[in-house]
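S.K.: If you scroll down you'll find the structure; I have some questions about it.
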Amino acid sequence: MVALQNSLCIKALDEQTFREFRVLTNLIVPGGAEDSFFEAAKKNPRLSAIARFNNRAVGYISCELRNDDQVLYIVDIGVLPSYRGHGIGGALMHHAITDIAENLQTVEALCLHVYDDQVDLIRLFERFDFTDFPEGQHEDDPENYLVFVRRANKRVDLVEPPPRKRQKTEPIEITIEKVTEDTVAGQTSLQRRQPPCGGPRE
């Protein structure tokens, strides 16, 4: 359950929030994020956001469009360690689903990668109806590198958890970009040294 509080707000990137986004990301990501990560976020600021708690930037989410703009890929999500456990990770996920994906007419699904031992992150994603998608994995992916997918048009309720019962829908074809050593290194949130945002503990 995501408990949004009056002191928590999510803001899309702009000139001011981008500076906060850069500082925040480098605080959370071990070794700091690569320049290409920030360049991509600056190029499409509507696909990223920061979370402010008591008027302080404490978390972020960054996405990009893939597969001819049909898939919103969640590149990274992060929350400062001292602010985890307050529903901030859930609020950022909710923003990605309802304020980003649902406002993009071409987007049919959301997708992300996670390691199988990042239990807190997997629980967070499953709360928002993401499901493991083995068909999206490539033969040369790391064995414990999982793909999770969610249809874009499912309603998310902030008070009640996402419904367990799923209606029959037409299958959509999703292809996942091939993962190489370079792309894995670029996904700073997925480094085994520390899970993305340290794994928000909701």
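Position in the sequence shown counted from 1, then plus 45, gives you this note's numbering. C-beta: ideal position from N, C-alpha, C; glycine also.
Identify the continuous beta strand (DSSP E) that holds PHE98 and give its terminal residues.
M.R.: That run of the beta strand (DSSP E) goes 93-98.
S.K.: Please identify the residue among GLY77, ALA78 and ILE95 whose C-alpha is closest to the C-alpha of ASP59.
M.R.: The candidate whose alpha carbon is nearest that of ASP59 is ILE95.
S.K.: How would you label LEU131, buried or exposed, when you count the other beta carbons within 10 angstroms and need 16 or more for buried?
M.R.: Note on residue identity: the sequence assigns His, not Leu, to residue 131. By the neighbour-count rule (16 or more Cβ atoms within 10 Å), HIS131 is buried.
S.K.: Where DSSP assigns a beta bridge to ARG101, which residues make up the other side?
M.R.: Bridge partners of ARG101: PHE98.
S.K.: Candidates PHE173, TYR190 and GLU188: which alpha carbon is nearest ARG196's?
M.R.: Comparing Cα-Cα distances from ARG196 to each of PHE173, TYR190 and GLU188, the minimum goes to PHE173.
S.K.: Helix, strand or coil for THR176, going by three-state DSSP, please let me know.
M.R.: In this structure, THR176 counts as strand in the three-state DSSP scheme.
S.K.: Shortest alpha-carbon distance to ARG67 belongs to which of PHE83, PRO75 and GLU180?
M.R.: Ranking PHE83, PRO75 and GLU180 by Cα distance to ARG67 puts PHE83 first.
S.K.: Which ranges does the alpha helix (DSSP H) cover as unbroken runs of at least 4 residues, wholly within the segment 50-89, from first to last along the chain?
M.R.: Here the runs fully enclosed are 60-73 and 80-88.
S.K.: Can you tell me which residues form a DSSP beta bridge with GLU188?
M.R.: For GLU188, which the question treats as bridged, DSSP gives no partner whatsoever.
S.K.: Alpha carbon to alpha carbon, how far is VAL116 from GLU153?
M.R.: Whole-angstrom Cα-Cα distance: 6 Å.
S.K.: If we ignore side chains and look at the alpha-carbon of each, how far apart do LEU137 and SER107 end up?
M.R.: Approximately 10 Å, taken between the alpha carbons.
S.K.: In angstroms with no decimal places, state the Cα-to-Cα distance between ASN89 and ASP162.
M.R.: The straight-line gap from Cα to Cα measures roughly 31 Å.
S.K.: Which residue's Cα is closest to the Cα of VAL164: ASP185, ALA102, GLY76 and TYR190?
M.R.: Nearest of ASP185, ALA102, GLY76 and TYR190 to VAL164, Cα basis: TYR190.
S.K.: Spatial neighbours of SER52 within its chain, please: CB distance less than 7 Å, with the 5 preceding and 5 following residues excluded, ordered by chain position.
M.R.: If we look at SER52 and ignore the five residues flanking it on each side, its Cβ neighbours are PHE98 and ASN99.
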